[in-house]
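Enquirer: I am attaching a structure below and will ask some questions about it afterwards.
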Amino acid sequence: MQWKTTRFEIDLSEPRVMGIVNVTPDSFSDGGQHADTLSALRHCEKMLREGAHLLDIGGESTRPGSPAVPLDSELSRVVPVVREAVKLGVPISVDTYKPEVMAAVLDLGADVINDIWGLRRQSTSNHPSALEVVASHPGCGVCLMHMHRDPQSMQVKPMDGDAVPQVRQFLEQAAQALVARGVTRNRIVLDPGIGFGKTVAQNFSLLARQQELLAAGFPLLVGWSRKSSIAAALQGSAPELPAPSERVIGSVAAALLAAERGAHVLRVHDVHETVQALRILSSVI
Numbered sequence: 121m122q123w124k125t126t127r128f129e130i131d132l133s134e135p136r137v138m139g140i141v142n143v144t145p146d147s148f149s150d151g152g153q154h155a156d157t158l159s160a161l162r163h164c165e166k167m168l169r170e171g172a173h174l175l176d177i178g179g180e181s182t183r184p185g186s187p188a189v190p191l192d193s194e195l196s197r198v199v200p201v202v203r204e205a206v207k208l209g210v211p212i213s214v215d216t217y218k219p220e221v222m223a224a225v226l227d228l229g230a231d232v233i234n235d236i237w238g239l240r241r242q243s244t245s246n247h248p249s250a251l252e253v254v255a256s257h258p259g260c261g262v263c264l265m266h267m268h269r270d271p272q273s274m275q276v277k278p279m280d281g282d283a284v285p286q287v288r289q290f291l292e293q294a295a296q297a298l299v300a301r302g303v304t305r306n307r308i309v310l311d312p313g314i315g316f317g318k319t320v321a322q323n324f325s326l327l328a329r330q331q332e333l334l335a336a337g338f339p340l341l342v343g344w345s346r347k348s349s350i351a352a353a354l355q356g357s358a359p360e361l362p363a364p365s366e367r368v369i370g371s372v373a374a375a376l377l378a379a380e381r382g383a384h385v386l387r388v389h390d391v392h393e394t395v396q397a398l399r400i401l402s403s404v405i
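The opening position of the sequence shown corresponds to residue 121 in the numbering used here, with each subsequent residue numbered one higher.
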């Protein structure tokens with residue numbers, strides 16, 4: 121199985137590791153650590169040395185309750201990093217839901233658009249929608265994610281009922297909307313959106329029943345890294361949730377379970393540890 125992107129065809133015959141590069145001051149796990157262009161690029165290079173297969177650059181935190189970032193601010197954070205990162209010789213993904221940012225980074229040669237809104241957003245100006253931007257591009261890859269509500273309210277009122285069929289239906293419809301616009305299926309990857317408007321139990325049900333999502337016929341990208349559901353599982357009888365930096369082992373365990381259950385791309389903060397775990401998995405299977 122191949123994931124066709126702007127410059128690369130990514131081999132998904134074994135799990136691929138996507139390193140997270142947050143060019144933000146307020147991301148839940150590493151906000152501010154890589155907020156300027158130079159430190160972000162150094163972080164990119166570090167992740168590649170550790171074994172990342174592709175990089176995901178984002179200029180807006182989408183943690184629960186996070187405020188939306190103005191378009192100009194996101195562009196000023198992301199564009200300088202992408203301009204240099206495309207020279208690193210690996211696929212570059214950009215985590216954005218704004219059509220104007222998508223167009224700008226694709227013009228710079230970005231390979232993948234990773235959209236938490238599943239290409240549902242319209243432009244705030246006289247500009248093509250997110251769906252139109254991706255559909256009109258000759259070859260970029262796209263990751264369509266499921267999110268219940270929006271970052272400001274998604275954990276105030278999470279989903280009701282069984283999340284698995286609801287997530288699958290949304291993702292299938294989002295993918296078919298792209299296919300109907302002429303986008304080939306091998307450009308599309310799906311993401312169930314762990315932590316985006318789901319309860320802890322719902323998140324783990326998406327892992328336990330991951331095969332139901334794979335039955336849609338598209339590769340699956342998953343992002344368990346340092347999420348609050350990991351913290352909830354690790355908390356035990358402790359009075360407080362473990363901090364993001366204390367969730368590494370739990371995150372790697374979830375990533376490994378996802379890979380064993382057929383996930384194709386693992387979006388992670390901790391590349392070195394995840395790559396090591398995948399080497400053990402490959403030795404077994």
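The beta-carbon is built from N, C-alpha and C at its ideal position, and this holds for glycine as well.
Computed from a prediction, not measured in an experiment: that's the story for all the values here.
Going by alpha carbons, who is nearest to VAL395 out of VAL143, ARG169, VAL141?
Expert: Against the sequence shown, residue 395 aligns to sequence position 275. For the residues VAL143, ARG169, VAL141, the minimum Cα distance to VAL395 belongs to ARG169.
Enquirer: Any idea if ASP227 is buried or exposed, counting beta-carbon neighbours within 10 angstroms, 16 or more meaning buried?
Expert: Numbered from 1 along the sequence shown, position 107 holds the residue referred to as residue 227. Result: exposed.
Enquirer: Please report the residue range of the beta strand (DSSP E) in which LYS124 lies.
Expert: Here residue 124 refers to the residue found at position 4 of the sequence shown. From DSSP, the beta strand (DSSP E) with LYS124 extends over 122-124.
Enquirer: List the whole-angstrom C-beta distance separating PRO339 from TRP123, where the pair is believed to meet the contact cut-off of C-beta under 8 Å.
Expert: As a first step, residue 339 must be located in the sequence shown, where it is residue number 219. As a first step, residue 123 must be located in the sequence shown, where it is residue number 3. By a beta-carbon distance limit of 8 Å, PRO339 contacts TRP123. Their separation comes to about 6 Å.
Enquirer: So what does DSSP say about ASP215, is it helix, strand or coil?
Expert: Numbered from 1 along the sequence shown, position 95 holds the residue referred to as residue 215. Residue state, collapsed to three classes: strand.
Enquirer: Mark SER402 as exposed unless 16 or more other C-beta atoms lie within 10 angstroms of its C-beta, in which case mark it buried.
Expert: Taking the sequence shown and counting its residues from 1, one reaches residue 402 at position 282. SER402 comes out exposed.
Enquirer: Mind checking which residues open and close the beta strand (DSSP E) that includes ASN234?
Expert: Against the sequence shown, residue 234 aligns to sequence position 114. For ASN234, the enclosing beta strand (DSSP E) stretches over residues 232-235.
Enquirer: Please work out which residues of its chain come closer than 8 Å, Cβ to Cβ, to HIS392, disregarding the five sequence neighbours upstream and downstream, and give them in chain order.
Expert: Position 272 of the sequence shown, counted from the first residue, corresponds to residue 392. For HIS392, where only same-chain residues beyond five positions count, the Cβ hits under 8 Å are GLU170, GLY171.
Enquirer: Give me, in chain order, the residues of the same chain whose beta-carbon lies closer than 7 Å to that of ARG203; leave out the 5 immediate sequence neighbours on both sides.
Expert: The residue given as residue 203 occupies position 83 in the sequence shown. Once the five neighbours on either side are set aside, the close Cβ partners of ARG203 are LEU228.
Enquirer: Less than 6 Å between C-beta atoms, sequence neighbours within five positions excluded: which residues of the same chain meet that for ARG329?
Expert: As a first step, residue 329 must be located in the sequence shown, where it is residue number 209. So the list reads VAL284, once near-sequence residues are dropped.
Enquirer: DSSP state of VAL206, grouped into three classes?
Expert: Against the sequence shown, residue 206 aligns to sequence position 86. Coil, per DSSP.
Enquirer: Using a Cβ-Cβ cutoff of less than 6 Å, which residues in the same chain neighbour ILE212 once the five nearest sequence positions on both sides are dropped?
Expert: Along the sequence shown, one-based indexing puts residue 212 at 92. Answer for ILE212: LEU175, ALA205, VAL206, ALA230, ASP231, listed in chain order.
Enquirer: Look up MET167 in the DSSP assignment and say whether it is helix, strand or coil.
Expert: Position 47 of the sequence shown, counted from the start, is the residue given in the question as residue 167. Note: MET167 maps to helix in three-state DSSP.
Enquirer: Can you tell me whether ASN323 is buried or exposed, with buried defined as 16 or more other CB within 10 angstroms of its CB?
Expert: The residue given as residue 323 occupies position 203 in the sequence shown. Answer is buried; the Cβ neighbour count reaches 16.
Enquirer: Below 8 Å, can you find three or more Cβ-Cβ pairs linking the segment 311-322 to the segment 358-368?
Expert: No, because fewer than three Cβ pairs between the segment 311-322 and the segment 358-368 fall closer than 8 Å, the two stretches do not touch.
Enquirer: Between LEU264 and LEU326, which are expected to be in contact by the criterion C-beta below 8 Å, what is the C-beta distance as a whole number of angstroms?
Expert: Reading the sequence shown from its first residue, position 144 is the one you call residue 264. Reading the sequence shown from its first residue, position 206 is the one you call residue 326. Contact flag wrong, Cβ pair sits at about 15 Å.
Enquirer: Per DSSP, which one or two residues make a beta bridge with ASP176?
Expert: Here the question's residue 176 lines up with position 56 in the sequence shown. DSSP output for ASP176 lists ILE140, SER213 as bridge partner(s).
Enquirer: Could you spell out where the beta strand (DSSP E) holding LEU264 opens and where it closes?
Expert: For this step, residue 264 is matched to residue 144 along the sequence shown. Here the beta strand (DSSP E) through LEU264 covers 261-265.
Enquirer: Are the segment 292-301 and the segment 229-248 touching, with three or more C-beta to C-beta distances below 8 Å?
Expert: yes
Enquirer: Can you give me the C-alpha to C-alpha distance between VAL385 and THR244, rounded to a whole angstrom?
Expert: Your numbering for residue 385 matches position 265 in the sequence shown. Your numbering for residue 244 matches position 124 in the sequence shown. Rounded to whole angstroms, the gap between the alpha carbons of VAL385 and THR244 is 31 Å.
Enquirer: Looking only at its chain, what residues have a beta carbon closer than 8 Å to the beta carbon of ALA223, apart from the 5 residues adjacent to it on each side?
Expert: Here residue 223 refers to the residue found at position 103 when the sequence shown is read from its first residue. Hits under 8 Å: HIS247, PRO248, VAL253.
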